[in-house]
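Peer 1:
Numbering (the working numbering), first residue to last: 489 to 621.
1) So within the segment 540-593, which uninterrupted alpha helix (DSSP H) runs reach at least 4 residues, ignoring any that extend past its ends?
2) Can you check which of these residues, 567, 558 and 501, is closest to residue 539 by C-alpha distance?
3) Quick one: grab the DSSP three-state call for residue 498.
4) What separation, rounded to the nearest whole angstrom, lies between the Cα atoms of residue 573 and residue 502?
5) Just the Cα atoms here: how many angstroms apart are residue 554 and residue 509?
6) What does the Cβ neighbour count give for residue 500, buried or exposed, with the cut at 16 atoms within 10 Å?
7) When burial is assigned at 16 or more other CB atoms within 10 Å of the CB, is residue 532 buried or exposed?
8) Strictly by DSSP, which residues pair up with residue 537?
9) Helix, strand or coil for residue 490? Go by DSSP, reduced to three states.
10) Once you ignore the five residues that flank residue 494 on each side, which residues in its own chain have a CB closer than 7 Å to its CB?
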């Protein structure tokens, strides 16, 4: 069940590279984004590795780092499943967990989160994050 909406962000793809193509293409994608997390303005950077599956879906794993306007910091790890659309958009849905020592974000240490992520054909990104309760 979805719990509280924890945050949202928008950003841009800043790098991509092919890691391998053997058992399905593996693509590394890095992004940077700005948004809000638990009411705090944030800058977020992250890198995902997506693996194309035989059915055309993409399994992805990623990690990153969020920095808050008040000096807060948190690292995150995520995984999810994505779909490529005919217009070049890619959508992912998945789970994410945080680790932080920031008091403003301490709640994040004890909850699981779910996200929706979209990337358009021009490399613009957007994401929304909820508590998974």
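C-beta: ideal position from N, C-alpha, C; glycine also.
Peer 2: So, to answer that:
1) none
2) 567
3) strand
4) When the Cα atoms are used, residue 573 and residue 502 turn out to be separated by approximately 21 Å.
5) 31 Å
6) exposed
7) buried
8) 516 and 549
9) strand
10) So the list reads 525, 526, 601, 617, 618 and 619, once near-sequence residues are dropped.
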